[in-house]
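Worksheet for the structure shown next.
Residue numbers (my numbering): 6 to 126.
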């Protein structure tokens, strides 16, 4: 069950009971509904909410990181951290800016990412 904080951010009752206050007050992304053809809230909500929170906490310092570095920091698979970076761009997950640039020689195909927080949320 989702409730809303005074900023109208949805968060789960489980989150409220487990932590002190809604996500926006803990500097975590607001809990929002994930979606997709294979998405099943019963099986996926806890895992995906944990992933996006770990990615957010790691990236909120604004430092540049590769997917390898982010995966090593969070303990989540590369594909998952990449997906969560994409989610953080969406309005329902904060509408943050995720910048991307090559690290080193562009022809090597290695990129790094930086999160710029949307202060309006």
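In this text, a Cβ means the ideal position worked out from N, Cα and C, and glycines have one as well. The structure displayed is predicted, hence computed values, not measured ones.
Burial state of residue i, where buried means 16 or more other Cβ atoms lie within 10 Å
i: residue 85; result: buried
i: residue 121; result: exposed
i: residue 59; result: buried
i: residue 110; result: exposed
i: residue 68; result: exposed
i: residue 81; result: buried
One or two residues paired with residue i in a DSSP bridge
i: residue 46; result: Looking at the DSSP assignment, residue 46 forms no beta bridge with any residue, so it has no partner.
i: residue 121; result: 102
i: residue 116; result: 107
Other residues of its chain near residue i: CB distance less than 8 Å, five sequence neighbours each side excluded
i: residue 123; result: 99, 100, 101, 102
i: residue 63; result: 70, 75, 78, 79
Exercise. Counting only runs that start and end within the region 62-89, where is the alpha helix (DSSP H) found for 4 or more residues in a row?
Worked result: 72-79
For this session: Evaluate contact between the region 88-100 and the region 52-69, counting only Cβ atoms and requiring at least three cross-stretch pairs below 8 Å.
Result: yes
Problem set entry | Inter-stretch contact (C-beta, 8 Å, three-pair minimum) for the region 102-119 and the region 36-48 | no
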